[in-house]
Each structure stands twice: as structure tokens, then as C-alpha cells.
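Number of protein chains: 2
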Amino acid sequence: MAPDLNALAPGSSLQRNGLNHQAIEDYLKTIYMLEQDKSPVSTSRIADARQVKPGSVTSMIQRLNRLNLVNYEKHYGVTLTDAGREIALEVIRHHRLVELYLIEALGFGWDEVHQEADILEHVISEQLEERIAAALNNPEFDPHGDPIPSKEGQIASMNYKHLTALDPGARAVVSRIPDDADSELLRYLGDLGLIPGTKLMVLDVAPFDGPLTVEIDGESKIIGHKVASSVLVELKSEFGRSR
Amino acid sequence: MAPDLNALAPGSSLQRNGLNHQAIEDYLKTIYMLEQDKSPVSTSRIADARQVKPGSVTSMIQRLNRLNLVNYEKHYGVTLTDAGREIALEVIRHHRLVELYLIEALGFGWDEVHQEADILEHVISEQLEERIAAALNNPEFDPHGDPIPSKEGQIASMNYKHLTALDPGARAVVSRIPDDADSELLRYLGDLGLIPGTKLMVLDVAPFDGPLTVEIDGESKIIGHKVASSVLVELKSEFGRSR
DNA sequence: AAACAGTTTTAGGTATACCTAAAATTTAAC
DNA sequence: GTTAAATTTTAGGTATACCTAAAACTGTTT
Ligand SMILES: [Mn+2]
Ligand SMILES: [Mn+2]
Ligand SMILES: [Mn+2]
Ligand SMILES: [Mn+2]
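Chains as they are written, first to last, in numbering that gives the first Met the number 0: chain X, 0 to 242; chain V, 0 to 242.
Put into C-alpha cells, the structure is as follows:
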């Protein structure tokens, strides 16, 4: 069971108005994401990701440490505690369920949902989370190919390759597109057919970060290096996952 | 077009984090509701409704006044300006659309949605508002019988009577149940069939605030005075509205 | 018209979540 | 091993949204 933040700040105004662990939750989510790349997570990486000043990060880190949500080694960075990870995963679950729901149930485009979800993730009650999950048939992946953590905080660990890392002749399935990419790019990828689940074969890779030629649905398409680098794939020989 | 609160607080942290005109919006909504009963609205009535201390209300009133969202006569109370009313009605629209959506699309009970909506009302984007309204076919009434303001801020003015004010023999249609009534009461009313749209006839009214006997669906039911007083109706002879 | 009760405002305080600028610490370079 | 560069922390400040307690104002009663 996720620790109840409301119980942690006795007498604070947060407790009263019900809302507003926005900041704490967003920091924990950010730290979780950054820890995937490299742990412990430094102040400046958090500041970068959250677009705030380093001083602000330090003071939030100190608070999270007091709340036992991160382990904090002054000057060296933080790692999430179990309690912190639990909250992070719950927020991520909310985010990804909401993204999928907005697309499936309300007809949003996959380029429109990230912002909306970044706010809603903090105000979804357990009740609503459950109803949304049920309406979607307890999905395991969000529209961008990211795994949705279970209610119990289990999350599938993915094993992606960058599309740009494949050799000519390789067959692969598109697995993941960063959900925070800008709308323009997401729409472009959508038009190309480069969405999670699409099968492709690499025909050619031009040198010096040049364009890739890939075959999608029998058609061959040319993709710039920058665009291709935002596409993550799984090799087709590897055993896939149910979609 | 509703005034953009984000534009009103230059350099403030509200502007930065995007979220959080919660408090302002809730105050405006409260003032709107209270003005229906009696205008201008005094500090103490707002304090009562919002469950905060009078001093807190005064300082928020002063802020709303600075933002030109209320007209403020020191010691005598406030009325909404056009700009203030616009925001209030938009928040109310969000609230009522969300309540209806949670029931219609996600299977919530009508006793469960008010709390949820009180939070979501502040974080629904224009986009999401539109998609929800479309999914519901641009409804005019929420599940409790309250009219939903239009996108342009038009709201149907209702003309209710308390069920307890009817004489024996009167025929009426249940129009409205307070959406902030406690869940127990709402479930009880639901079981009795006293939900908006239900036709009934008053058979008997016991004196001294005694129970009412009403006929619903051919069955006669006895309802305590307190319960009956929370039910608002329209007389059946009067011309109704489409549901 | 003076006193009183009730209401409202002021004054001063807490906690959040940001900021800037200066001080301290670590890491990298010489 | 100093010095310099980069990172991180501290110190001090802003605005929100609440609080309590004291002061000021209103309306009514005597
Ligand atoms: Mn997202
Ligand atoms: Mn967020
Ligand atoms: Mn409601
Ligand atoms: Mn609210």
C-alpha cells in the first residue's frame, strides 16, 4: 500500500485542502525516471528535468529525505526508498492509464495526451483509477509503448534498442516512442506508421548519422537520423510481449 | 471568453506551475451559489460554506477584488463581477459535466461523484471539457438535476418547489436533489426512486413536520419530513423541460 | 446616546514551492 | 598539490492559502 502523504505533514495546509502533493509526486516520478538511466540521481539532473533551479531541488530533496521517500547523500545525489518508489510507480500508473483512456475513450490524438495526463495523474482517486483500468481491460502498455505498473507496483522491465542501432537486414517491432516528445514529431511518426506494434525491416543505414531506409507494411520509407533516434524497438527474433 | 487567471498574477508561482487556481475558483463558485439565495454575500456566509475562518475569507475577498472578480463593499459583502461570474459558471460546468460523465461512462454511483468532481473541476482543460460534453451529447442537466451551464456561460434558471411545500393531491416531477448531500441520503433517495425525472403524486402530508405519503410508480411510500425537504420538484401542470 | 453582541477586518504567523545570489564542496586540470 | 571549474548547498526573499487573536466596525437594545 502506498504511503499516505496526507498523514505525513501534520497540521500542514496540504492536509487540509486535500489536494496538492503535486510537487512531491512530480519529483519522485522524475527521480524514478532518472534512476533508470543512472543511480544515484544528482541535483542538477533533477533541476534539468524539472526545469527548476538547483537550489529549489536541494530544498525539495531535503524534504523528501525527511519524509523517508529518498536516501540522500549530501553532494552525491539521491535514490528512492521503497516508499518513494511506490508513490512514483502509482503516479506513473495514473499517468499512463489516463493517456490511454483519453485516446481510447475520448478520441484524443496520441500527441495531445501527455500534458493533460501530467496534471490528472495527481488527482485521480483510487476509485477512478480502478474504473479507468477496468474500462480499458487492465491494459499493460500505454499508447506510447510504456509499460503500465500494476496496482501492486509491478512494472515490466523493457529491453529496447534504438532504431538507429540496427544493422541493415534486421527485423524489429516498434516498442516505444517517448511520450513527452513534441506533438509535431509524434504526429509525423504517426503518419509514417511508426507507432508501437508496427513491424519493420531495416533496408539501409547511411553513414555519418545519415538517414535510414526502412520497410514498413511493404513500403520503403526514408527517415532522418534525428527522428529515427527517438524510436525504440525490439528485435523480432527476441520473444515479444502480448499486445 | 473566460478571463485567463494565469495572466493576472505576473511573476507569481501560480503562473509557473500551471496548476492551482483551486482556491480562487472555489471561492467564486461558492459566492455564485450563495448569491442565488441572497446578494450581496457576507464574509460569514462564505466562511460557513467553505469551512474556513472569517479572516481567511476577508483576505481572499480582497484579492478577488484586486483581480476585479468581485465587487467588494467593506463590511457589507461581495457580488460577482461579470468576469467573476464567467469563471464561476465555467467551473460549475466542469463540475456537472464530470459528475454526469463519471456516472454515464464509468459506472460510478450518483452518491460517489461529488467529491471527485470537486477536485477535477479545476483541472479539466478546454479540450477535455469539450470531449466530455460531446461524449455525453451536450447534456443540459447533471445527474442531480442541476442545469449545466453552456460553454458560453448560459444557464437555465430553474423554478423549484420543496416537496414538503406541496398539498395533498398535487402531481409533480422530481427536479433536483442537492449534489452535496451525504452519500447515505443519496443512496436512500435512489432506492426510493426519488431521482430527477421521477413523477409522483402527494397523497398525504402529516402536520407538525410529519411524514409525507407519496405515490411513485403506482406504489405509495412514506417519507420523513427531513428527507422530503431535500427533494425539489416542479409541479406537473407547469411546462417541463426535455430530459 | 451608550453599551453590547455579532460581524468583519487587521496583524502576525505557519507551511509550500518556487526564485536569486553567495558560500561551500567536489571534481578536474595543471 | 594548488588552482580553477562545476556542482551543490545555504541564506534570504516572494506569493499562496490557511490559521489565531486582537482591534474595529455595525446594528440593536436599553
Ligand atoms: Mn506522458
Ligand atoms: Mn505531473
Ligand atoms: Mn457536485
Ligand atoms: Mn472544487
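We put the beta carbon where it would ideally sit given N, CA and C, even for glycine.
Open item on the list: For ligand 1, is there any heavy atom lying closer than 8 Å to the beta carbon of Val-122/V?
Closed with: no
* Asked: Which residue from Gly-168/V, Asp-179/V, Leu-135/V, Leu-191/V puts its Cα closest to that of Val-97/V?
  -> Leu-135/V
_Please report whether the beta-carbon of Ser-124/V lies at a distance below 9 Å from any beta-carbon of chain X._
yes
- Using a C-beta cutoff of 9 Å, does Ile-131/V count as contacting chain X? yes
Does the beta carbon of Gly-189/X come closer than 9 Å to any beta carbon on chain V? no
- Message: Between Val-69/V, Lys-28/V, Val-226/V, which has its C-alpha nearest His-161/V's C-alpha?
- Response: Val-226/V
*Does DSSP put Pro-53/V in a helix, in a strand, or in coil?*
helix
Exercise. May I have the straight-line CA-CA distance separating Leu-27/X from Arg-175/V, to the nearest angstrom?
Key: 43 Å
**Report entry** Nearest-angstrom Cβ-Cβ length linking Ala-22/V and Leu-33/V, presumed shorter than 8 Å
**Finding:** Contact flag wrong, Cβ pair sits at about 16 Å.
Does the count of Cβ pairs from the segment 91–111 of chain X and the segment 129–149 of chain X closer than 8 Å reach three? yes
So what does Phe-140/V bridge to, in DSSP terms? Pro-146/V
Taking 8 Å as the cut-off, is the CB of Thr-112/X close to at least one heavy atom of ligand 1?
Rather than Thr, the amino acid found at residue 112/X in this sequence is Val. Correct: Val-112/X has its Cβ closer than 8 Å to ligand 1.
task: Would you tell me roughly how many angstroms separate the C-alpha atoms of Leu-7/V and His-20/V, rounded to the nearest one?
output: In this predicted model, Leu-7/V has a pLDDT of only 46, less than 50, meaning its place in the structure is not dependable; the value taken from the coordinates is given anyway. Those two C-alpha atoms are separated by around 11 Å.
**Study point:** Within chain V, the residues that Gly-106/X reaches when beta carbons sit closer than 9 Å
**Key:** Arg-130, Ala-133, Ala-134
Helix, strand or coil, according to DSSP, for Gly-239/X in the structure here? A caution first: Gly-239/X carries a pLDDT of 47, below 50, which makes its placement in the model too unreliable to give a value.
Margin query: Output needed in chain order: residues of the segment 75–103 of chain V with a Cβ under 8 Å from some Cβ in chain X.
Written below: Leu-101
query: Taking the continuous alpha helix (DSSP H) assigned at Met-32/V, which residues delimit it?
result: Following the DSSP letters along the chain, one finds Met-32/V inside the alpha helix (DSSP H) bounded by residues 21–36.
With a threshold of 8 Å, establish whether the CB of His-143/V neighbours any heavy atom of ligand 2.
-> no
Query raised in the report: Since Glu-129/V is in the beta strand (DSSP E), which residue starts that stretch and which ends it?
Result: Where Glu-129/V is concerned, there is no enclosing beta strand (DSSP E), although the alpha helix (DSSP H) it sits in stretches over 125–134.
Own chain partners of Tyr-159/X with C-beta closer than 8 Å, once the 5 adjacent residues on each side are dropped: Ser-174, Arg-175, Leu-231, Val-232, Glu-233
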